[in-house]
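Read top to bottom, the protein sequences are chains A and B.
Here the first sequence stands for residues 1 to 114, where the numbers follow our numbering.
Here the second sequence stands for residues 1 to 111, where the numbers follow our numbering.
Below is one structure, written out as C-alpha cells; comments come after it.
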Amino acid sequence: DTGVSQNPRHKITKRGQNVTFRCDPISEHNRLYWYRQTLGQGPEFLTYFQNEAQLEKSRLLSDRFSAERPKGSFSTLEIQRTEQGDSAMYLCASSLEDINTEAFFGQGTRLTVV
Amino acid sequence: AQSVTQLDSQVPVFEEAPVELRCNYSSSVSVYLFWYVQYPNQGLQLLLKYLSGSTLVKGINGFEAEFNKSQTSFHLRKPSVHISDTAEYFCAVSAGTALIFGKGTTLSVSS
Numbered sequence: 001d002t003g004v005s006q007n008p009r010h011k012i013t014k015r016g017q018n019v020t021f022r023c024d025p026i027s028e029h030n031r032l033y034w035y036r037q038t039l040g041q042g043p044e045f046l047t048y049f050q051n052e053a054q055l056e057k058s059r060l061l062s063d064r065f066s067a068e069r070p071k072g073s074f075s076t077l078e079i080q081r082t083e084q085g086d087s088a089m090y091l092c093a094s095s096l097e098d099i100n101t102e103a104f105f106g107q108g109t110r111l112t113v114v
Numbered sequence: 001a002q003s004v005t006q007l008d009s010q011v012p013v014f015e016e017a018p019v020e021l022r023c024n025y026s027s028s029v030s031v032y033l034f035w036y037v038q039y040p041n042q043g044l045q046l047l048l049k050y051l052s053g054s055t056l057v058k059g060i061n062g063f064e065a066e067f068n069k070s071q072t073s074f075h076l077r078k079p080s081v082h083i084s085d086t087a088e089y090f091c092a093v094s095a096g097t098a099l100i101f102g103k104g105t106t107l108s109v110s111s
C-alpha cells in the first residue's frame, strides 16, 4: 500500500475555469476527508465521506464545490467557476474507523488561480 | 465548539537543545487531542494522540506531550532536537467526525 494518493500535485488555472482533483485513499479505509490549507493556516475541514455517503459538509464548501466518492473508493473534488480565493492546498485524508484513529494524509494538490 | 490555539508561530532552536511547542484547546465535551507534523512537500503525519488514560503521551521520533486538563493545554516536547525535526507542527482536536487544526508552529533547528 502506497498510502493516500492525490492527483494532480499542482494545478494552475484561470479564474472562471472548472477544476477537478482526485484522491485515492488507503484501500481498506472507509472514511475519507477533504481539507483546505492556505498559507500560514492549519488545514480546514471541507467534507467527509463514510464509504460512498457524504455525511458532513463545512460551511466553507460553497455551492461551487462538489465532492463525490462513487462506490466508496476514490473521491473527486470539483470546483466550478474558480476564484482567486480558491488558491490553496487541498488535502485528502483517510481513516479506517472514526477520526480518533489515525488519519493518513496525502501530499495534497496545490491549486493556483490566476 | 472545539478549537485549538498554537501559541507560537515560529520556534527557532539549536540542534540538541530541548524544545516545547505550546497548544491550548477549547472544548465543551470529552477531548481527543493530536499532534501532526508536516515536512516540506509531504503530507501530514501523526506524531501522537491523547484519547484517554495517562496524561503523558509518547509519540514517534522521541516526541511526547502532556495533557493538562486544568490548564487546557497539550504541549509537545522533545528533550533534544535534530536538524531533521525542522518542519511544521500542528495541534488538533477531534470534533467528532473531523479534526480541527491550529495554525501551526514552524520549528527551525539549526546547527
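Even glycine gets a Cβ: it sits at the ideal position worked out from N, Cα and C.
On a predicted model such as this, the values are computed, not experimentally measured, just so you know.
Start and end residues, beta strand (DSSP E) containing Gln24/B: Gln is not the amino acid found at residue 24/B; the sequence shown has Asn there. Looking at the DSSP string, the run of the beta strand (DSSP E) that includes Asn24/B is 23 to 26.
Going by other Cβ atoms of all chains shown within 10 Å of its Cβ, with 16 needed for buried, is Asp63/A buried or exposed? exposed
Does Tyr90/A come within less than 7 Å of chain B when only Cβ atoms are used? no
List, in chain order, every chain A residue whose beta-carbon is nearer than 9 Å to that of Gly59/B. Residues of chain A passing the Cβ test: none, with the nearest at roughly 11 Å.
Nearest residue (CA-CA) to Ser94/A, options Gly106/A, Val113/A, Phe45/A, Glu68/A: Gly106/A
For the beta strand (DSSP E) containing Asn68/B, name the first residue and the last one. 64 to 68
Under 8 Å, CB to CB, which of the residues in the region 97 to 108 of chain B have a partner in chain A? Thr97, Ala98, Leu99, Ile100, Phe101, Gly102, Lys103, Gly104
Residue nearest to Ser110/B in terms of C-alpha spacing, selected from Thr72/B, Val93/B, Ala98/B, Val11/B: Val11/B
Name, please, each residue of chain A whose Cβ falls closer than 8 Å to the Cβ of Asn41/B. Gln107
Chain A within 7 Å of Ser125/B, Cβ atoms only: There is simply no residue 125/B to check, as chain B begins at 1 and stops at 111 in what is shown.
Determine the extent of the beta strand (DSSP E) in which Thr76/A is found, giving its start and end residues. 75 to 79
Does Phe63/B get closer than 7 Å to chain A when you measure Cβ to Cβ? no
Taking 7 Å as the CB-CB cut-off, is Phe90/B touching chain A? yes
Ser70/B versus Pro18/B: straight-line alpha-carbon distance, rounded: 24 Å
With respect to the beta strand (DSSP E) encompassing Ala53/A, which residues constitute its N-terminal and C-terminal limits? 53 to 57
Which residues in the same chain have their Cβ closer than 7 Å to the Cβ of Lys14/A, if we skip the five residues on either side of it in sequence? Val114
Alpha carbon of Ala88/A to alpha carbon of Ile12/A, nearest angstrom: 11 Å
Excluding the 5 residues preceding and the 5 following Asn7/A in the sequence, name in chain order all residues of the same chain whose CB lies nearer than 6 Å to its CB. Arg22
Return no unless some Cβ of chain A is closer than 7 Å to the Cβ of Tyr32/B. yes
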